[in-house]
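Student: Protein chains in written order, with this note's numbering: chain C, 2 to 171; chain G, 490 to 802.
Just so you know, even glycine gets a beta-carbon here, dropped at the ideal spot from N, CA and C.
First the structure, then my questions, so here it is.
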Amino acid sequence: MGRERDGAVLLTFARRGEEEAIREALRHLRSELPGRQVAAVGTLVSAPVLRELGAEEVIVYGGGAGARAVVRELRGRAPAAVGIVYGGPGFSGHLKLELVALASAAGRIYQFLEDTRARRVGRGRLLASVCGKLARVPLCLAVGAAACGTALCWLRLRQLMAGGKRAGRA
Amino acid sequence: MKATLVITNHNGRELLGKSVPAALEAARRAGGHPVVVADDASTDDSAAFVRGTYPEARVLELPKGGFGAACNAAVAEAETEAAVLLNNDVVVAPDFLESLLTALARPDVFAVGCKFVNPDGSLTDALGNRTSGRWEGGLLYIHHETRAEELTEMCPQLYANGGGMALRREKWAALGGFDPLYRPLYWEDVDLGYRAWGRGWRVLYEPASVVVHDQGSTMRRLHRPAGIELMSAKNAILFAWKNLLEPRLFRRVALAQARWAADDVLIGGLPNRTAALWRALRQLREAGRGRAEEQRERERSDEEILALAAGDA
Chain C
2 MGRERDGAVL LTFARRGEEE AIREALRHLR SELPGRQVAA VGTLVSAPVL
52 RELGAEEVIV YGGGAGARAV VRELRGRAPA AVGIVYGGPG FSGHLKLELV
102 ALASAAGRIY QFLEDTRARR VGRGRLLASV CGKLARVPLC LAVGAAACGT
152 ALCWLRLRQL MAGGKRAGRA
Chain G
490 MKATLVITNH NGRELLGKSV PAALEAARRA GGHPVVVADD ASTDDSAAFV
540 RGTYPEARVL ELPKGGFGAA CNAAVAEAET EAAVLLNNDV VVAPDFLESL
590 LTALARPDVF AVGCKFVNPD GSLTDALGNR TSGRWEGGLL YIHHETRAEE
640 LTEMCPQLYA NGGGMALRRE KWAALGGFDP LYRPLYWEDV DLGYRAWGRG
690 WRVLYEPASV VVHDQGSTMR RLHRPAGIEL MSAKNAILFA WKNLLEPRLF
740 RRVALAQARW AADDVLIGGL PNRTAALWRA LRQLREAGRG RAEEQRERER
790 SDEEILALAA GDA
């Protein structure tokens, strides 16, 4: 018989402007798991603010505690639910949070998307989303290298053509 | 030395009720210096409020151009040897001006930055107290001193924060003021300080010149919103493209930035580097022009600049 799952953990980048979304997500997790502890993962900077917003405990990320340490901590807790707060549109981030959610061994995973209500997502669906994002990596790398390479060669050329007081350095 | 105190403002009427009278009092105590509110197309009646409440302050109503453009216009209009730039949420100490202008009087000094404190007297963590920098992975990383015991004497710094700094107008004009490359805001003051050091001048930090920057509620300690992160990341890239002239360091920019596109998908979050990179690419020609000018005018290497600004040389 497996150990009993307890509490919930909120994953967020805690950007300014996301206060209401964080508060709402904490409220939702609390209503899903009445009477159980709701913690959040935050940095040294955001930890006091997350506490003010309603997180009963903050698992601090950074300042010596890397992503692996956070995952270990979460796996040890085996939370009943994990929630991910997403930022504004056009930001592909959150892959890191999604990976942490998948690795956390949580019973349920919720996504708190902008302007939408909480959405429960299955592990398979989240895994598919993560795999899709990972598949984009080589393409992004190739396009990024081509664009940056061209831009930086052009900048270097402009510099060489400019001459100048210390042109010998170039 | 006479200085024009320039308070830049955009829709900050509430803030001006504290910052303008404090600046007027400091200017009066220091022997009389003009105070100008550079209003960046406010729609909240800021200009009328200042005119009606503080007639001794001049109001310069400007078309919407962002922080840098407002500062450039106000400094260009000033008729004094020096100018002091102040944010609208910065409240100066009554005696902040004397020490600032004394430090600025040294002939090789371009700018002097104030000491930024919270209302309770502790150091702020958001504004530039004794700034320094290091090139790492294709970007300049900025460090602000946060230990009060390290900030007891005047010292060099990389740049003076545009929210509270004094500058020599002649040198400002030679540098062309804040570069519009960084519009609407962020990194223009870093760029200005870096270029000033590059020209052979100095930028100082004067802890005796105290200004209060109320960072507001605890909520403001949160990470910055994604849109602001993106703007700041775009300008950090443009800063490197324009200013990093040493070939050895510049090669690292190429490697690092090519990797970002992949990092963005892998790591994500703060900030979105791919989006910042694409936005910077739209300003590539502008950055190229700035780079060519830096190449022509620079008298110190990138490493010399950072070493001198850190007080290591």
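Compute the distance between the beta-carbons of Val101(C) and Leu12(C), then report whether it is under 7 Å.
Tutor: Taking the first sequence and counting its residues from 1, the one referred to as residue 101(C) is at position 100. Taking the first sequence and counting its residues from 1, the one referred to as residue 12(C) is at position 11. Cβ distance < 7 Å, so Val101(C) and Leu12(C) count as in contact.
Student: Indicate whether at least one CB of chain G lies closer than 7 Å to the CB of Ala163(C).
Tutor: Position 162 of the first sequence, counted from the start, is the residue given in the question as residue 163(C). Answer yes: the Cβ-Cβ gap between Ala163(C) and chain G drops below 7 Å somewhere.
Student: Express the C-alpha separation of Val580(G) and Ser508(G) in angstroms, rounding to a whole number.
Tutor: What you label residue 508(G) is simply residue 19 of the second sequence in a count that begins at 1. What you label residue 580(G) is simply residue 91 of the second sequence in a count that begins at 1. One C-alpha to the other measures close to 5 Å.
Student: Using C-beta distances below 7 Å, list every residue in its chain close to Ala511(G), excluding the 5 sequence neighbours before and after it, in chain order.
Tutor: Against the second sequence, residue 511(G) aligns to sequence position 22. So the list reads Val580 and Val581, once near-sequence residues are dropped.
Student: Alpha carbon to alpha carbon, how far is Gly800(G) from Arg691(G)? Give it in angstroms, no decimals.
Tutor: For the purposes of this step, residue 691(G) is identified with residue 202 of the second sequence, where counting begins at 1. For the purposes of this step, residue 800(G) is identified with residue 311 of the second sequence, where counting begins at 1. Answer to the nearest angstrom: the Cα atoms are 11 Å apart.
Student: Beta-carbon within less than 6 Å of Cys603(G)'s beta-carbon, same chain only, minus the 5 sequence neighbours each way: which residues are those?
Tutor: Along the second sequence, one-based indexing puts residue 603(G) at 114. Gly653, Ser698 and Val700, listed in sequence order.
Student: Just checking my contact of Leu463(G) with Leu575(G) at CB under 8 Å: how many whole Å lie between their CB atoms?
Tutor: There is no way to answer for residue 463(G), as the model of chain G reaches only from 490 to 802.
Student: Quick one: does Arg159(C) have its CB under 7 Å from some CB of chain G?
Tutor: One-based indexing of the first sequence puts residue 159(C) at position 158. So yes, Arg159(C) belongs to the interface.
Student: Against Leu153(C), what residues of chain G qualify as contacts under a CB-to-CB distance less than 8 Å, listed in chain order?
Tutor: Taking the first sequence and counting its residues from 1, the one referred to as residue 153(C) is at position 152. Trp730, Phe739, Val742, Ala743 and Gln746, listed in chain order.
Student: Which value, in whole angstroms, describes the spacing of the CA atoms of Gly108(C) and Arg52(C)?
Tutor: On the first sequence, position 107 is the one that residue 108(C) refers to. On the first sequence, position 51 is the one that residue 52(C) refers to. C-alpha separation (whole angstroms): 24 Å.
Student: Have a look at the DSSP bridge pairing and note the partners of His702(G).
Tutor: Position 213 of the second sequence, counted from the start, is the residue given in the question as residue 702(G). Paired residue(s): Val579(G).
Student: Less than 7 Å separating the beta-carbons of Ala79(C) and Ala40(C)?
Tutor: Taking the first sequence and counting its residues from 1, the one referred to as residue 79(C) is at position 78. Taking the first sequence and counting its residues from 1, the one referred to as residue 40(C) is at position 39. Result no, Cβ atoms of Ala79(C) and Ala40(C) do not sit closer than 7 Å.
Student: Does DSSP put Asn500(G) in a helix, in a strand, or in coil?
Tutor: For this step, residue 500(G) is matched to residue 11 along the second sequence. Three-state DSSP puts Asn500(G) in coil, outside helix and strand.
Student: Spatial neighbours of Val524(G) within its chain, please: C-beta separation below 6 Å, excluding the five flanking residues on both sides.
Tutor: Taking the second sequence and counting its residues from 1, the one referred to as residue 524(G) is at position 35. Contacts found: Leu494, Ala512, Leu513, Ala516 and Ala546.
Student: What do you get for Ser706(G), buried or exposed, if any count of 16 or more other CB atoms within 10 angstroms of its CB means buried?
Tutor: As a first step, residue 706(G) must be located in the second sequence, where it is residue number 217. Its pLDDT being 42, under 50, Ser706(G) is placed unreliably in this model, and the value from its coordinates should be taken loosely. With fewer than 16 Cβ atoms within 10 Å of its Cβ, Ser706(G) is classed as exposed.
Student: Run the CB neighbour count on Cys560(G), radius 10 Å, all protein chains shown included, and call it buried at 16 or more, exposed below.
Tutor: Residue 560(G) sits at position 71 when you count from the first residue of the second sequence. Buried, by the Cβ-count rule.
Student: If Leu628(G) and Glu634(G) are in contact, beta carbons under 8 Å, what's the gap, nearest whole angstrom?
Tutor: Position 139 of the second sequence holds residue 628(G). Position 145 of the second sequence holds residue 634(G). Rounded, the Cβ-Cβ distance is 20 Å, inconsistent with contact.
Student: Where do the N-terminal and C-terminal ends of the alpha helix (DSSP H) with His522(G) fall, by residue?
Tutor: Here residue 522(G) is taken as the residue at index 33 of the second sequence, counted from 1. Here His522(G) belongs to no alpha helix (DSSP H), and DSSP marks it neither H nor E.
Student: How would you label Leu158(C), buried or exposed, when you count the other beta carbons within 10 angstroms and need 16 or more for buried?
Tutor: Reading the first sequence from its first residue, position 157 is the one you call residue 158(C). Per the 10 Å Cβ criterion, exposed.
Student: What residue ranges within the segment 583-613 of chain G form continuous alpha helix (DSSP H) runs of no fewer than 4 residues, ordered along the chain?
Tutor: DSSP runs (the alpha helix (DSSP H)) wholly in the segment 583-613 of chain G: 585-593.
Student: Report yes or no: do three or more beta-carbon pairs, one from the segment 523-543 of chain G and one from the segment 133-151 of chain C, lie closer than 8 Å?
Tutor: They do not touch, by the three-pair rule.
Student: Taking Thr151(C) as part of the beta strand (DSSP E), name the residues at either end of that continuous run.
Tutor: Numbered from its first residue, the first sequence carries residue 151(C) at position 150. Thr151(C) -> not in any beta strand (DSSP E); alpha helix (DSSP H) instead, spanning Arg124 to Ala163.
Student: What span of residues does the alpha helix (DSSP H) with Phe538(G) cover, start to end?
Tutor: Here the question's residue 538(G) lines up with position 49 in the second sequence. Run containing Phe538(G): Ser535 to Thr542, per the alpha helix (DSSP H) assignment.
Student: Quick one: does Leu156(C) have its CB under 7 Å from some CB of chain G?
Tutor: Counted from its first residue, the first sequence places residue 156(C) at position 155. Chain G contact via Cβ: present.
Student: Taking 8 Å as the cut-off, does the segment 728-736 of chain G touch the segment 767-784 of chain G (at least 3 CB pairs, one atom from each stretch)?
Tutor: Judged by Cβ distances under 8 Å, the segment 767-784 of chain G makes contact with the segment 728-736 of chain G, as three or more pairs qualify.
Student: DSSP three-state label for Pro645(G), please.
Tutor: As a working note, residue 645(G) is residue 156 in the second sequence. Of the three classes helix, strand and coil, the one that applies to Pro645(G) here is strand, per DSSP.
Student: Please confirm if Leu773(G) has its CB atom under 7 Å from at least one CB of chain C.
Tutor: If you number the second sequence from 1, residue 773(G) lands on position 284. Closer than 7 Å: yes.
Student: Using 8 Å for Cβ pairs, my map puts Glu550(G) next to Asp528(G). What's the rounded Cβ distance?
Tutor: For the purposes of this step, residue 550(G) is taken as the residue at position 61 of the second sequence. For the purposes of this step, residue 528(G) is taken as the residue at position 39 of the second sequence. About 5 Å; that satisfies the 8 Å criterion.
Student: To the nearest angstrom, report how far apart Gly716(G) and Pro673(G) are at their CA atoms.
Tutor: Residue numbering aside, residue 716(G) sits at position 227 when the second sequence is read from its first letter. Residue numbering aside, residue 673(G) sits at position 184 when the second sequence is read from its first letter. Answer to the nearest angstrom: the Cα atoms are 12 Å apart.
Student: Nearest to Thr497(G) by alpha carbon, out of Val573(G), Glu568(G) and Trp686(G)?
Tutor: As a working mapping, residue 497(G) is identified with position 8 in the second sequence. The option with the nearest alpha carbon to Thr497(G) is Val573(G).
Student: Which residue wins for smallest C-alpha separation from Arg851(G), given the options Ser621(G), Ala571(G) and Arg518(G)?
Tutor: In this structure chain G extends from 490 to 802, so residue 851(G) is not present and cannot be described.
Student: Name the residue from Glu25(C), Gly164(C), Ala148(C) and Leu161(C) whose alpha carbon lies nearest to the alpha carbon of Leu773(G).
Tutor: Sequence index remark: in the second sequence, residue 773(G) carries index 284 (1-based). Considering only alpha carbons, the answer is Ala148(C).
Student: So what does DSSP say about Ser621(G), is it helix, strand or coil?
Tutor: Taking the first residue of the second sequence as position 1, residue 621(G) is located at position 132. Reduced to three states, the DSSP call for Ser621(G) is strand.
Student: Going by CA-CA distance only, name the one from Glu566(G), Pro583(G), Arg740(G) and Ala764(G) that's closest to Lys723(G).
Tutor: The residue labelled residue 723(G) in the question sits at position 234 within the second sequence. Looking at the Cα atoms, Ala764(G) is the closest of the given residues.
Student: Please return the same chain residues whose Cβ sits closer than 6 Å to the Cβ of Val50(C), not counting the five positions on each side in sequence.
Tutor: The residue you call residue 50(C) lines up with position 49 of the first sequence. Nothing listed; no residue qualifies.
Student: Would you identify the three-state DSSP class for Phe739(G), choosing helix, strand or coil?
Tutor: Counted from its first residue, the second sequence places residue 739(G) at position 250. Looking at Phe739(G) - three-state DSSP - the assignment turns out to be helix.
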